[in-house]
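To start, the structure itself, in structure tokens.
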Amino acid sequence: ARRYHWLSSNVNEFVEEPHSGIIADVKLKPLNLVARESRENKEISTELVKEEPKTFLKDIKLISEKSNALIRQKRFPGFAEMELNDVEFHWHPVLKEKFDLKRLGKTIFFAKEQNPENFEKLLSLKGVGPKTIRALSLVAEVIYGAKPSYEDPARYSFTVGGKDHVPYSIDLPTYSNIITILEKAIKRAKIENRERVSAIKRLYSSINYE
90 ARRYHWLSSN VNEFVEEPHS GIIADVKLKP LNLVARESRE NKEISTELVK EEPKTFLKDI
150 KLISEKSNAL IRQKRFPGFA EMELNDVEFH WHPVLKEKFD LKRLGKTIFF AKEQNPENFE
210 KLLSLKGVGP KTIRALSLVA EVIYGAKPSY EDPARYSFTV GGKDHVPYSI DLPTYSNIIT
270 ILEKAIKRAK IENRERVSAI KRLYSSINYE
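Residue numbering for the sequence shown follows my numbering, beginning at 90 and increasing consecutively.
Given below as structure tokens:
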């Protein structure tokens, strides 16, 4: 678990790039379903619930049993074997978890009855928690090839240190130098003056030397 500080001054969608700024106190390689790169994965996850719950349950069972072997796509004639690269998949949260297929099945069939129109509606359903979403995402990736993002949205949060001296004290000279470089880049950018002024204001509004 980790704590987030999440800035969302102009939210259009809660399930795709909702934040304009984010920091966190621990760095991980997370399953990042709010990234644009995860859009297809989310769409397939939703369709699995609406159209193919039985197939999904068979697939997640197969993946769990064969996570370090070859999966043969027998449901698709002529489909090539797909190797599950252990380097890429051994850390996947679903494979690390022991989940109850019966319980997962109840959740999925309940969700199907609700017929969620999109991923955001799916997330809001009672009983649909992180484990269910990770299982759906894994099947969407491994079986259907819709790879989600594993990029940490808080990746660069502590590039110049943190105010609580974690991971180290703020490096003020580097901090100031980065701000200067960013400001110069904004001033040289081929954008309208209104956008330039707005960008510089946003840059300085996010600065905290404390």
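Quick reminder that beta carbons are idealized off the backbone N, C-alpha and C, glycines included.
Checklist line | the segment 188-195 contacting the segment 122-134, beta-carbon criterion three pairs below 8 Å | finding: Short answer: they don't touch.
I need the straight-line Cα distance from R277 to T221, nearest angstrom please.
Their Cα atoms are separated by approximately 47 Å.
Hey, would you say L122 sits closer than 8 Å to P237, going by beta carbons? In contact: L122 and P237 (Cβ atoms closer than 8 Å).
Reducing DSSP to helix, strand and coil, say where S153 ends up. Residue state for S153 is assigned as helix, using DSSP reduced to three classes.
*Give me whichever residues DSSP pairs with N121 in a beta bridge.*
Paired residues: S238.
*Looking at A229 and L292, is the spacing between their C-beta atoms short of 8 Å?*
Their beta carbons are not under 8 Å apart, which means L292 does not touch A229 by this criterion.
- prompt: Going by alpha carbons, who is nearest to Y233 out of L120, P119, A124 and F145?
  reply: Comparing alpha carbon positions, the residue from L120, P119, A124 and F145 closest to Y233 is F145.
Considering E230, what are the terminal residues of the alpha helix (DSSP H) in which it resides? Segment P219 to V231, the alpha helix (DSSP H) holding E230.
Practice problem: Using three-state DSSP, classify S258 as helix, strand or coil. | Solution: In this structure, DSSP gives S258 a state outside helix and strand, which the three-state scheme calls coil.
Please check the pair S226 and L120, which I expect to be a contact at CB under 8 Å, by giving their CB distance rounded to whole angstroms. Contact between S226 and L120 holds, with the beta-carbon distance rounding to 6 Å and staying under 8 Å.
**OP:** State the DSSP-derived secondary structure class of D189, mapped to helix, strand or coil.
**Re:** Collapsing the DSSP output to three states places D189 in coil.
Checklist entry - CB-CB under 8 Å to K139, same chain, minus the five flanking residues each way: which ones, in chain order? => result Excluding sequence neighbours, K139 sits near K201, N204 and P205.
Between T32 and N207, which are expected to be in contact by the criterion C-beta below 8 Å, what is the C-beta distance as a whole number of angstroms?
Outside the modelled stretch of the chain, which goes from 90 to 299, sits residue 32, for which no answer is possible.
Margin query: If contacts are defined as beta-carbon pairs under 8 Å, then A124 and E240 qualify, I think. What distance do you get, rounded to the angstrom?
Written below: Contact flag correct, Cβ pair sits at about 6 Å.
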